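Participant: Numbered according to the UniProt record's numbering, the sequence shown spans residues 1 to 727.
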Amino acid sequence: RDYRYSIYHTRVNTLELVIDTRCWYSNSRTLEANLCTLFNHRPAYVSLVCSVPRLKSCMLSSVPVLSWLPRYSLRDNAIGDLISGISVGIMHLPQGMAYALLAAVPPVFGLYSSFYPILIYFIFGSSKHISVGTYAVMSVMIGGVTERLAPDSNFMMYVNATNQSMVDVLARDTERVKVAAAVTFLSGLFQMLLGLVQFGFVVTYLSEPLVRGYTTGAAIHVIVSQLKYTFGISPKRHSGPFALIFVKVCYLVPETNIGTLVVSLVSIIGLIMVKELNTYLGKKLPVPIPVELLGIIIATVISWQVNLEGKYGVEVVGEIPSGLQPPVMPTASLFGQVIGDAFALSVVGYGIAISLGRIFALKYGYKVDSNQELIALGLSNSIGGVFQCFAISCSMSRTMVQESTGGKTQVASALSAMVILVIMLWIGALFEELPKAVLAAIIYVNLHGMMKQFMDIPTLWKSNKVDMLVWVATLILTVLFNPDIGLAASIAFSMLTVIFRTQLPKYSLLGQVPETDIYRPVEDYNQVNEIPGVVIFRSSATLYFANAEMYQDALAEKSGIDITKLISQKKKAEAKRLRKEKKEARKAKKDAKKNAQEWLRMLINHNYECLITSLTHSLSIHSSLLSLSLSLSLSVACVIENLESGGFFSEKVSKACLFSSIHDAVLHCQTDRATINKDDEVKHTNTHGHDTCTHTQTHSHYFTKTNRYFQTFGFVGFRCWLLAALF
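#1: Let's test the definition: count the other Cβ atoms within 10 Å of the Cβ of Val498 and tell me whether it reaches 16, buried, or not, exposed.
#2: Using C-beta distances below 8 Å, list every residue in its chain close to Asn77, excluding the 5 sequence neighbours before and after it, in chain order.
#3: Compare the C-alpha of Val347 against each of Val169, Met157, Ser490, Val301 and name the closest.
#4: Just verifying my parser: in three-state terms, what is the DSSP assignment at Cys58?
#5: Does the structure place the stretch 332-340 close enough to the stretch 380-391 that three or more beta carbon pairs sit under 8 Å?
#6: Can you give me the start and stop residues for the beta strand (DSSP E) that Ser508 sits inside?
#7: Taking only the alpha-carbon atoms, compute the straight-line gap between Met156 and Leu439 and give it to the nearest angstrom.
#8: To the nearest angstrom, how far is it from the Cα of Val513 to the Cα of Pro521?
#9: Need the endpoints of the beta strand (DSSP E) that Gln527 sits in, please.
#10: Taking 8 Å as the limit between beta carbons, can you name the residues of its chain near Gln337, skipping five residues before and five after?
#11: Is His448 buried or exposed, if buried means 16 or more other CB atoms sit within 10 Å of its CB?
#12: Go through the stretch 144-180 residue by residue and report every complete run of the beta strand (DSSP E) that reaches 3 residues or more, in order.
#13: For Ser413, which option in Trp426, Ser127, Ser51, Gly144 has the closest C-alpha, if you only look at C-alpha atoms?
#14: Which first and last residues belong to the alpha helix (DSSP H) in which Ser225 is found?
#15: How should Asn464 be labelled, buried or exposed, when 16 other C-beta atoms within 10 angstroms of its C-beta is the threshold for buried?
#16: CB-CB under 8 Å to Ala473, same chain, minus the five flanking residues each way: which ones, in chain order?
#17: Would you be able to state if there are at least three C-beta pairs under 8 Å between the stretch 199-215 and the stretch 452-469?
#18: Which stretch, first to last residue, makes up the alpha helix (DSSP H) that contains Ser264?
#19: Looking at the secondary structure, which residues open and close the beta strand (DSSP E) in which Ser539 lies?
#20: Could you tell me if Cys669 is buried or exposed, where buried requires 16 or more neighbouring beta carbons within 10 angstroms of its beta carbon?
#21: Report the three-state DSSP secondary structure of Val202 (helix, strand or coil).
#22: Would you list the one or two residues that DSSP bridges to Ser393?
#23: From Met418 to Leu93, what does the alpha carbon distance come to, in whole angstroms?
#24: Nearest by alpha-carbon distance to Glu276: which of Asn163, Leu189, Asp81, Asn446 is it?
#25: State the beta-bridge partners of Val316 as determined by DSSP.
#26: When you compare only the Cα positions, how much space is there between Ile297 and Phe431?
#27: List the DSSP bridge partners of Tyr519.
#28: Counting only the same chain and skipping the five closest in sequence on each side, list residues whose C-beta sits under 6 Å from that of Phe343.
#29: Looking at the unbroken alpha helix (DSSP H) that takes in Met468, where does it start and where does it end?
#30: Could you pull the start and end residues of the alpha helix (DSSP H) that Arg75 belongs to?
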């Protein structure tokens, strides 16, 4: 956004400066402080003036509904949104009530969670197609928190009439609703905070294999949590890591309620059959058959007529109050106990919503603002927590229905919320006789898509084994450590794989495609040729401290250049040369008076010995020297700036070692090598007929030339570690 500043200074009359930046208004104080230092660090009076167009642009980006709703086309979108809204609203009824069981709260609170958050997202959301509301993974995470902080054992009461202890269901549910509202409110605050600080990029750390493995692991938790409603049993619930290991369902199978099991099996079979019929007739039906709505209507009627609860002990939903709940601020004393769970909920809910949002945005050619999505979801959850809702996210099944039935905008979501409002006000009480086993069956059937994700394993094995490892590890960690701790462990494992990939990159030697300036790995292409006298070494990863040593080892293995050994030899040769120089200097000082000619002969012998030592190393590595410089030739401007600020360049290693392309570096190597060879031939042809002084000058020239290469190569090898540290 553009900020227009008026700067008043004692030495300057008035200066208007327009700054183009992409920061929030919260950064304006920082910008003002920077502007105050423009004039010799003296105080300046800076005033921020926001123009009306800029204020309008900010409002439209913060409240997207103000941008698209005035341009809403009734002719193009109304019919599709109406049909889509009714269809999705019908799905919200059974899913909201079923997922409330996952959250361990009364079913009516699932309806609340399908109403208030949707209206908030309608105003602040930037995606046109996703359907927010209750979601299985979020609900099971909420259920883990509520059952941990409000277990049945805390609400046991003694009944004198029967001499037995029983759970005070009303008090227990009241406390669990408070816990769910507190963790939902806090997760919404986390999401809003992350959105305000532009933290939307956090979703980049949630790769697709991680998300799919995590949702599959969470689906297993969902299935296990619903077994008690399927079999009509009451196993003891455990919370925390390894909770699934302690679930003793098998020991309670003999106590199964036959009536509940029959209702569950019939419901599952019926739902699967109608869903398959939907799939088969998908192109012929204008809208899908509302199988879940039909299922709960039929089950409610049968339960009411047959009296399943009284005759067969089938557990039913129970009382569903009509109307809306008044807003109640969450219990602040619970925040400290649920802060970790709230952060996990905020990350999981955002990751799932933004992933689906980007899929449909790419399909229909619009952009989803990741930071605005964080704010929209945060407002939905925080305001929903005030109205006793539990955390929401985006559902794949509802989103697919909303898109396939013609929904083009969030008006469809608003209409689905109106359907839920009608149900809560007038129709909700009719479902009090609905068996909970039917809601569990709806959950099982809706999880079939997540269970199909196990087929990702063979696909990833063929395409990318590291991604497959991330998928499997995420699944195992989520199942063992529960969804909240499992998410953190999965992200940590995923980051470790990234580090290992950078530590174990692919190293290769490049060859030239004949008669082109294209260079490809020699081991991967048969038609490329290595360039004589030049070694081109390439690494597929960026150099930094964790892989610097491996890079050096790979360079030595591929090119035959051992930098450490060369540096050691150079230091030894240098020390030996210095000792000889000192010794010869002392001896020369003593013998200088005796014979000047003898001193000249000694100096010639000394230079010749140094020449032999230097030639042994320098001529063999001259072409490798230039190819090592080539590894720096691919640096971009920012990397060169880092090298300059780090003091990398010197008289021995200058920017002349950098090239814009591999081909330029190769040409430089070949040209320089040809020049040296030509100088060699000229010197050798002129050797005959010259006196000893000429020989001395020639060898001194070679000594200077080759020793300079040797020193330069050693210096570059030493600086390779510094380059790795810079990255």
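Beta carbons: idealized from backbone N, C-alpha and C, even for Gly. Everything numeric in this text was worked out from a predicted model, so none of it was measured.
Facilitator: Taking the coordinates as given:
#1: Under the 10 Å beta carbon count, Val498 is surrounded by fewer than 16 other beta carbons and is classified as exposed.
#2: Excluding residues within five positions, the ones whose Cβ falls inside 8 Å are Lys408, Thr409, Val411.
#3: Scanning Val169, Met157, Ser490, Val301 for the CA closest to the CA of Val347 turns up Ser490.
#4: Residue state, collapsed to three classes: helix.
#5: No: the two stretches stay apart, fewer than three of their Cβ pairs being nearer than 8 Å.
#6: Where Ser508 is concerned, the enclosing beta strand (DSSP E) stretches over 507-512.
#7: Going by C-alpha positions, Met156 is about 26 Å away from Leu439.
#8: Distance from the CA atom of Val513 to the CA atom of Pro521, rounded to whole angstroms, is 10 Å.
#9: DSSP places Gln527 in no beta strand (DSSP E); its state is neither H nor E.
#10: In its chain, beyond the 5 residues on either side, Leu149 have a beta carbon closer than 8 Å to the beta carbon of Gln337.
#11: Result: exposed.
#12: Segments of the beta strand (DSSP E) lying fully in the stretch 144-180: 156-159, 164-167.
#13: Closest by C-alpha distance to Ser413, out of Trp426, Ser127, Ser51, Gly144, is Ser127.
#14: Residues 208-231.
#15: Under a 10 Å Cβ-count criterion, Asn464 is classified as exposed, with fewer than 16 other Cβ atoms of the shown protein chains found around its own Cβ.
#16: For Ala473, the CB contacts under 8 Å within the same chain, skipping 5 residues up- and downstream, are Gly213, Ser490, Phe493 in chain order.
#17: Output reads yes: the stretch 199-215 touches the stretch 452-469.
#18: Counting along the chain, the unbroken alpha helix (DSSP H) around Ser264 starts and ends at 258-280.
#19: Ser539: member of the beta strand (DSSP E) spanning 537-539, first to last residue.
#20: When all chains shown are included, Cys669 counts as buried.
#21: Helix.
#22: According to DSSP, which records beta bridges pairwise, Ser393 is partnered with Gly133.
#23: Distance between the alpha carbons of Met418 and Leu93 is about 12 Å.
#24: Here the closest residue by C-alpha is Asn446.
#25: Val316 pairs with Pro435.
#26: Rounded to the nearest whole angstrom, the CA to CA distance from Ile297 to Phe431 is 8 Å.
#27: In DSSP, Tyr519 forms a bridge with Gln512.
#28: These residues qualify, in order along the chain: Phe190.
#29: Boundaries of the alpha helix (DSSP H) around Met468: 465-503.
#30: Taken as a continuous stretch (DSSP letters only), the alpha helix (DSSP H) holding Arg75 covers 74-102.
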